[in-house]
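> Sequential numbering of the sequence shown, starting at 0, is according to numbering that gives the first Met the number 0.
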Amino acid sequence: MSLLANIVGTGAALCSMTSFGPQIVKIWRERDASSVSLRMYVVTVTGFSLWIAYGVLIQSWPVIGSNVVCLLMSATILVLKWRFEKGDMPGAEGPASRP
Numbered sequence: 000m001s002l003l004a005n006i007v008g009t010g011a012a013l014c015s016m017t018s019f020g021p022q023i024v025k026i027w028r029e030r031d032a033s034s035v036s037l038r039m040y041v042v043t044v045t046g047f048s049l050w051i052a053y054g055v056l057i058q059s060w061p062v063i064g065s066n067v068v069c070l071l072m073s074a075t076i077l078v079l080k081w082r083f084e085k086g087d088m089p090g091a092e093g094p095a096s097r098p
């Protein structure tokens, strides 16, 4: 593999892995995940799981490693979505409590 390919791959992996950080910090600080799309993160978590399986099948540790980190971070957002959903918090008016 060429040096350029390694540089591009490393840059792509770092961007992917760090892209979830700001969303996690925002949700945690505001204790609000109502603007996060549940469907999008379910698909994202599924996609990273499939990338990990692909990495295992082709025995590519860089693919496995970067996607494990991305899976953990996107799964964290999914858990925070369930935990801090405004409509699900005690005392909060949500869609389920409306007539």
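Note that the Cβ used here is the ideal one computed from N, Cα and C, for glycine as well.
Taking C-alpha atoms, which residue in 33, 61, 15 and 25 lies nearest to residue 81?
Minimum Cα distance to residue 81 is reached at 33.
> State the start and end residues of the unbroken alpha helix (DSSP H) segment that holds residue 38.
Residue 38 -> alpha helix (DSSP H) spans 37-57.
> Report the three-state DSSP secondary structure of residue 84 (helix, strand or coil).
Residue state, collapsed to three classes: coil.
> Let me know the secondary structure DSSP gives residue 143 once reduced to three states.
This structure leaves residue 143 out entirely; the chain is present only between 0 and 98.
> May I have the straight-line CA-CA distance separating residue 78 from residue 41, to the nearest angstrom?
Each residue's Cα considered, the two are about 10 Å apart.
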